[in-house]
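This report refers to the structure that appears directly beneath it.
4 protein chains.
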Amino acid sequence: MKRKVCVVITARPSYARIKTALAAIREHPELELQLVLAASALLERYGSVVDVIEKDGFRVDRRVHMILEGENLVTSAKSTGLGLVELATVFDDLKPDMVVTIADRFETLATAVCASYMNIPLVHIQGGEVTGSIDDKVRHAITKLSDLHLVASPSAAERLARMGEEPERTIVTGCPSVDIARACVEDGHEAPDAFAFGGVGAQFDLSNGFLVVMQHPVTTEYQAAYRQVRQTLEAIDRLDRPTLWFWPNVDAGSDGTSKCIRAYRELHALEHVHFFKNLPPEAFLRLLKKSLCIVGNSSVAIRECAYLGVPAVNIGTRQNGRDRGPNVIDVEHETKAIESAITTQCEHGPYTSSEIYGDGRAGRRIADALSAASLSIDKRLTI
Amino acid sequence: MKRKVCVVITARPSYARIKTALAAIREHPELELQLVLAASALLERYGSVVDVIEKDGFRVDRRVHMILEGENLVTSAKSTGLGLVELATVFDDLKPDMVVTIADRFETLATAVCASYMNIPLVHIQGGEVTGSIDDKVRHAITKLSDLHLVASPSAAERLARMGEEPERTIVTGCPSVDIARACVEDGHEAPDAFAFGGVGAQFDLSNGFLVVMQHPVTTEYQAAYRQVRQTLEAIDRLDRPTLWFWPNVDAGSDGTSKCIRAYRELHALEHVHFFKNLPPEAFLRLLKKSLCIVGNSSVAIRECAYLGVPAVNIGTRQNGRDRGPNVIDVEHETKAIESAITTQCEHGPYTSSEIYGDGRAGRRIADALSAASLSIDKRLTI
Amino acid sequence: MKRKVCVVITARPSYARIKTALAAIREHPELELQLVLAASALLERYGSVVDVIEKDGFRVDRRVHMILEGENLVTSAKSTGLGLVELATVFDDLKPDMVVTIADRFETLATAVCASYMNIPLVHIQGGEVTGSIDDKVRHAITKLSDLHLVASPSAAERLARMGEEPERTIVTGCPSVDIARACVEDGHEAPDAFAFGGVGAQFDLSNGFLVVMQHPVTTEYQAAYRQVRQTLEAIDRLDRPTLWFWPNVDAGSDGTSKCIRAYRELHALEHVHFFKNLPPEAFLRLLKKSLCIVGNSSVAIRECAYLGVPAVNIGTRQNGRDRGPNVIDVEHETKAIESAITTQCEHGPYTSSEIYGDGRAGRRIADALSAASLSIDKRLTI
Amino acid sequence: MKRKVCVVITARPSYARIKTALAAIREHPELELQLVLAASALLERYGSVVDVIEKDGFRVDRRVHMILEGENLVTSAKSTGLGLVELATVFDDLKPDMVVTIADRFETLATAVCASYMNIPLVHIQGGEVTGSIDDKVRHAITKLSDLHLVASPSAAERLARMGEEPERTIVTGCPSVDIARACVEDGHEAPDAFAFGGVGAQFDLSNGFLVVMQHPVTTEYQAAYRQVRQTLEAIDRLDRPTLWFWPNVDAGSDGTSKCIRAYRELHALEHVHFFKNLPPEAFLRLLKKSLCIVGNSSVAIRECAYLGVPAVNIGTRQNGRDRGPNVIDVEHETKAIESAITTQCEHGPYTSSEIYGDGRAGRRIADALSAASLSIDKRLTI
């Protein structure tokens, strides 16, 4: 009797954080994969990552629409509640032996509460990290509901132990996103033609290097989203280098971000910037590996780029507290500081690879851990 | 401008845990009380504690129906989701400066998630304790979402510090339930006539001593609820002493408990047992103070009865891990063990008062803490 | 390729109205039955009709918890909304070719709205009738959403035509409840021992005749539910005849009814009354056939009892406007009038059978109609 | 004691259908206006009509987020269910004496069900019309739940009577949208500068005449939305006349429409087309009055333009069955047919005014009717 492992993916960036584990679970002789796609993972304006996942050969068992339109703090709370209502039906239908939730987005708490209230062992990927915003509260609350922690780094494991988690419930697997990065480095394939992936805006020559931008709105600074992305837009505009800009996730405030980008585009030519909703992770990483610098506040800059050695300019507070490799320069939301840091990084060029977020073999380790783990839901505080 | 303090009460037992604080908030010159009654606090079959609260002179600002019928694990999860959907509307209407959630029942996580997702400072009453069931996961998850912890005991405060909570966010206030116990002892009033409070079953003479039973179903042992309460029913039946039995809360499994009690009553005379849905806290405590022994798995036996010195027979795992005064004997769900422990306690008689859950002045301390606290929602893990 | 017919049952009385059709659908070579149990059909305190249905050999495909506790007008509205949210998931999973909804209870509108919004042909059983309360609004609103009407009587069919429904979308099948009544008459089996079905209250000799009571709260007279059932209780108490009393459905106000019955039982002996939650339809009908008179406001008194010739005392407004056979005496909610009408009916004895609600072959006709019907959802008003 | 009239507006086009009535209710000595904004009326990507309404001086009492992202048939059903859950809270808070719902959009059924289940008299604006799609089912279902019908035309009133509505519950008021049209004609103001209202796309000279396009996706033809709007885009592209294009509502399929428009714009210059999200009704009507022709499937073309005499090209089935003045030419979704009809209408020029949808005094008549109407919710079918 195979263990049924139900993985809930709620957003585009979570897919990169789990993809190699999905493949390893599917191929593991003692595991059966149940895949639930929910929230912005289903939505076209966030890149319909569900389509990418199906194209990668995974069967989607359930689709859960749960995002209430409005993109403010009230709808974030309500959407999470709806997710809880909907996921209870899903788990009751699928009867998984364990549920896997990824990282710390607001809606992932619905997965965690639902599984633990239904007495299904809960597995958390990427617990034990610290970033310094509402994400921290979500992540640590999920930790307290979780029965098994599969973490990216030894420092995360130590933090969980200090928080009172039983040490035998924590396993350092590394982050699956680094697996993809490793594979992309090792297979020696060329970076794809970015413009073949659609998007909007000008097209231009990338052969002399280019920037990558990913900037998400920061939940607790809702009002400021418009102003913040404007600083980045101006810096990019001034630098006048070829730039691939990736659209933000669904979050309170993303309308502010989107609106600012749209408004800016109407008024400024931005002939060296192309905007994308989504790319397959491998394509994205190959482009990233070739890029001069990644700009914004994405965790990709901290995590995959540590391994890849890609220079990063990290803006604002979103990644505060997260362990950093040598490749990161931190700046405020301030046009000149952003511009100057990008210039510094472009001059520096690639960094040496760092393994602080894994050695590129996390997927298999995760599948093995899921297969071997105790299914006990009776957890005790060790402190 | 007074601080608006929104207190959400979701069940009968929570009222005793907050009542003196409600009064102190209402009378505090710098605080304005907003009172939300939700979940089983509104339901007649759990004693409509809302009516008691209004009779005590508190104005109820909002009523939130959120309990989905069915009383199983699926409906517990869905009810919590609905609570989250509904409370977002309430908080958006009332615009509180802080939200207070009490203890660790499943539906209180809805309050906690909602407030934290809406960037409203969250205050948790009774964090830092350990009991050993799903309640632990709920309680510690709420801790991680909370911005201020008002705890019952120094050992709870220490535990929060070890979990990484900033020490300045934790204040030892004692438990308000002990305030009521203290007042009941100090005012010298007589215990009321129990039978004046309705209920069903035989009536009998209480003047030679009587037992009190409160036994809740244990969420993670859903199937066993029927069998467990049956052991207690048989012990009480055999002991043949006057007994006041209080009905359980809404919880996955309470149908099992209710059904067993109803079925047992149809077949057995139980002429020395009277069943109640609810009593005003003071009336309950005065009766408790006069009782020979409290039996079951209620935290009242551990908490108020420590202060009151009432002998307690605690059955099963529900209170595992909670600090105990000298008044408690623990037993399994086993008729003979229960019967024997009750006999021992009746022979022992009253214990000396213990202050491990407070000195009876928690309400005022809580109001002062709410008035003085920082409203910062930017919390950092200290470990 | 068989047509997938999804039948949604939300309450105990609906099962009798569809049971023979379920069997006929299951056995039809061109139909596949999908069975969804929802709302009070799942709840123990309304008799868990789901268990009866499974015992009858039907497989339940989905269970939908949707009743919010509270039993007032607000929770009726919210429960219907939740049903709509949940049924959308069910229909999306099951992908039925048509959805069948039964009669006019408040929560059935959720089924109707959901199917029509999802472009699934909607079949309504028991449209075109008139009863004179909120049920009328619900029933006629469902008519307007429905694509096929399978009605109990020619007068119902005529009414639908006058309301502008295309005549080819209406088929007179008779009511399946009469099929069961017919079978119970024709198979010559004895009535079962009522007390073998549990329930609470006294047991007594039924061989010299007995009364049957079924009284539901009337939604738009919420406050009056307590007072109304009290009139019936007093009449039954005074008559002092053996009485089998069946518990009401979930509805706004049923708490008033339940509470009154419980309160009355605590104060009065009622040694000739036994209370039941539920009986299998056949057992119920065999008992009914043997009874002296049915009392209350159930449609069984109007419908099955027309065919069976059982004398009926119909109280209050709930059945206003429904076609009646000769077996019915109508009275107000008034103790003396109820008492006197019951006495008259007991003296009269059985009536001649009437076929105004069908000839007992509805189930097969319904299955044939579902198999043959056009699946067009483009309906036009003919008036 | 003034009657509290709660009006629920769920979308941009509904505002034009109620605006003059809102003003008349607000000023009526015996009425108090309660205004609830819900669904797409709150959403920026549908033009945030809530902002327009507040700018017009109306106070918004409650905002109800209810639209689940996804824009397919499943989310339409779920969104309606959520609306029902949320509106029950709103009506319970506001305690209106009557609730007003407008027209026939899918989510308006939530308003209707909620009010009728809560025993609040329901008033329907624009019942009795016929258009031939799912809107018909919604509209007629609302009719059956409604206690008062305020209709646009005598033919609508006659249809309601034939459907069995009590004649004294129907009043012909005309459509408030015509009030605005009348005022715009009578006050003699100039049409505003369209480009001052934002939007995206080219700007151009309007002084030699221009086209107006409003094309909504048709719910039951979800898959075809993309293809349909493409036909219109090509016709407009070929005609090469100045064109003001207004964005569609939230509906299953609007993503198809939006996506097609975005994709077309990326590939074709469309230098004579400007795209708008929203305009104040008066500004829109003044522009419309000056336009050569309105193109698409909006009811504005049928209704206001009858009064204004603006030539209209109505595409596809969305307005099937609606009474037409002489100003309309109907065509299929076919580029050449659309192009040719537009040319014909431009050559014809303005039509004579028709009063089939009212004489321009509906708002005041509606307020008077609300003030004078019986509040009875006991409706009887007259047929």
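Residue numbers (this note's numbering), protein chains in the order written: chain A, 1 to 383; chain B, 384 to 766; chain C, 767 to 1149; chain D, 1150 to 1532. We put the beta carbon where it would ideally sit given N, CA and C, even for glycine.
- Query: Is the shortest distance between the beta-carbon of C:Gly975 and the beta-carbons of chain B less than 9 Å?
  - Reply: It does not: the Cβ of C:Gly975 has no partner Cβ on chain B nearer than 9 Å.
Q.
Does the CB of B:Met481 have a neighbour CB from chain A at under 9 Å?
A. No, its Cβ sits nowhere closer than 9 Å to a Cβ of chain A.
* To do: Going by CA-CA distance only, name the one from C:Glu810, C:Val802, C:Val771 that's closest to C:Ile791.
  => With distances taken between Cα atoms, C:Ile791 lies closest to C:Val771.
Supposed contact pair C:Val818 and C:Tyr781 - C-beta distance, whole angstroms, cut 8 Å: Contact between C:Tyr781 and C:Val818 holds: their C-beta atoms lie close to 7 Å from each other, under 8 Å.
**Prompt:** So with Cβ pairs under 9 Å, would you call C:Val802 a contact of chain A?
**Reply:** Cβ-Cβ to chain A under 9 Å: no for C:Val802.
* **Closer than 7 Å at the beta carbon, the chain D residues around A:Thr75** => Here the neighbours are His1214.
Does chain F have any CB closer than 9 Å to the CB of D:Val1349?
The structure shown contains no chain F; its protein chains are A, B, C and D.
I want to verify the contact list: residues of chain C whose CB lies under 9 Å from the CB of D:Leu1243, in sequence order. Per Cβ cutoff of 9 Å: no residues; D:Leu1243 is ~12 Å from chain C at best.
Go to A:Cys175, then tell me how far its beta strand (DSSP E) extends in each direction, as first and last residue. Counted as a single uninterrupted DSSP element, the stretch harbouring A:Cys175 is not any beta strand (DSSP E), since DSSP gives it neither H nor E.
Around the Cβ of C:Thr846, are there at least 16 other Cβ atoms within 10 angstroms (buried) or fewer (exposed)?
With 16 or more Cβ atoms within 10 Å of its Cβ, C:Thr846 is classed as buried.
Fill in: Nonlocal neighbours in the same chain, by C-beta distance under 7 Å from B:Gly741, ignoring five residues either side
Excluding positions up to five away in sequence, the list reads Ala535, Gly557, Cys558, Val561.
- [ ] Indicate whether the contact test is met: 3 or more Cβ pairs, each with one atom in the segment 279-286 of chain A and one in the segment 182-189 of chain A, closer than 8 Å.
- [x] The segment 279-286 of chain A is in contact with the segment 182-189 of chain A.
Please report the straight-line C-alpha distance between B:Val482 and B:Ala460, rounded to a whole angstrom. For B:Val482 and B:Ala460, the distance between alpha carbons rounds to 22 Å.
>> At 3 residues or longer, what runs of the beta strand (DSSP E) sit wholly inside the segment 871-895 of chain C?
In response: Segments of the beta strand (DSSP E) lying fully in the segment 871-895 of chain C: 888-891.
Hey, B:Ile525 and B:Thr491: beta-carbon distance below 9 Å or not? Taking a C-beta distance under 9 Å as the contact criterion, B:Ile525 and B:Thr491 qualify as a contact pair.
Check your understanding: Which same chain residues, not among the five before or five after A:Gly83, have their C-beta less than 6 Å away from its C-beta?
Key -> Taken in chain order, the residues that qualify are Met66, Glu107, Ala110.
For this session: Give the C-beta separation of D:Cys1495 and D:Leu1441 to the nearest angstrom, bearing in mind that I take them to be a contact with Cβ-Cβ under 8 Å.
Result: Taking C-beta atoms under 8 Å as the contact rule, D:Cys1495 and D:Leu1441 qualify, at a distance of about 5 Å.
*Go through its chain and collect everything with a Cβ distance to B:Ile677's Cβ below 8 Å, but skip five positions before and after it.*
Same-chain partners within the cutoff: Leu594, Val595, Val596, Met597, Leu671, Val683, Ala684, Cys688, Val693, Pro694, Ala695, Val696.
Unbroken beta strand (DSSP E) run spanning C:Ile1060, endpoints: Note, C:Ile1060: beta strand (DSSP E), 1059-1062.
Look at the alpha carbon of B:Gly746 and the alpha carbon of A:Gly70, and state the distance between them as a whole number of angstroms.
In a straight line, the C-alpha of B:Gly746 is about 39 Å away from that of A:Gly70.
Check: Buried or exposed: where does A:Met118 fall if 16 or more other Cβ atoms within 10 Å of its Cβ makes it buried?
Finding: It is buried - the Cβ of A:Met118 has at least 16 other Cβ atoms within 10 Å.
Mind listing which residues of the segment 330-358 of chain A have their C-beta closer than 9 Å to chain D's C-betas, in chain order?
-> Those residues of the segment 330-358 of chain A that come within reach of chain D (Cβ to Cβ, closer than 9 Å) do not exist; the list is empty.
Discussion item. Under 9 Å, Cβ to Cβ, is there at least one residue of chain C near D:Ile1526?
Written reply: D:Ile1526 counts as touching chain C.
Point to revise | Contact set for C:Leu972: own chain, Cβ-Cβ below 6 Å, skip 5 residues either direction | key: Excluding positions up to five away in sequence, the list reads Pro1008.
- May I have the straight-line CA-CA distance separating A:Arg385 from C:Lys1043, to the nearest angstrom? This structure does not reach residue 385 of chain A, given that chain A is present from 1 up to 383, and the question cannot be answered.
Compute the Euclidean distance between the alpha carbons of D:Val1239 and D:Arg1211, then round it to the nearest angstrom. Taking the straight line from one Cα to the other gives about 7 Å.
Query raised in the report: By the 10 Å Cβ neighbour count, where 16 or more other Cβ atoms means buried, how is B:Gly592 classified, buried or exposed?
Result: Counting of Cβ neighbours within 10 angstroms places B:Gly592 among the exposed residues, the total staying below 16.
Just the C-alpha distance for A:Arg324 and B:Ile508, rounded to the nearest angstrom, thanks.
If I take the Cα positions, the gap works out to 37 Å.
(request) Could you name the residues of the segment 525-552 of chain B whose beta carbon sits closer than 8 Å to any beta carbon of chain A, in the order they occur along the chain? (result) The residues in question are Ile525, Thr526, Lys527, Leu528, Arg542, Arg545, Met546, Gly547.
Between B:Tyr690, B:Arg648, B:Ala540, B:Leu505, which lies nearest to B:Asp530 when the distance is taken from Cα to Cα?
Ranking B:Tyr690, B:Arg648, B:Ala540, B:Leu505 by Cα distance to B:Asp530 puts B:Leu505 first.
Mind checking if C:Val851 is an interface residue toward chain A, Cβ cutoff 9 Å exclusive? C:Val851 counts as touching chain A.
Point to revise | Neighbour list for D:Asp1210 in chain C, Cβ cutoff strictly below 7 Å | key: Ordered by position in chain C, no residue passes the 7 Å Cβ test against D:Asp1210, which lies about 18 Å from the chain.
Around the C-beta of B:Asp761, are 16 or more other C-beta atoms found within 10 angstroms, so that it is buried, or is it exposed? The residue in question, B:Asp761, is exposed, as its Cβ has fewer than 16 Cβ neighbours within 10 Å.
(message) Restricting to Cα atoms, I'd like to know which of D:Ile1167, D:Arg1510, D:Glu1317 is closest to D:Thr1250.
(response) Among D:Ile1167, D:Arg1510, D:Glu1317, the Cα nearest to that of D:Thr1250 is on D:Ile1167.
Query - 9 Å Cβ cutoff, B:Phe441 in contact with chain A - result: Cβ-Cβ to chain A under 9 Å: no for B:Phe441.
| Outcome for A:Thr10 when other beta-carbon atoms lying within 10 angstroms are tallied against a minimum of 16 | With 16 or more Cβ atoms within 10 Å of its Cβ, A:Thr10 is classed as buried.
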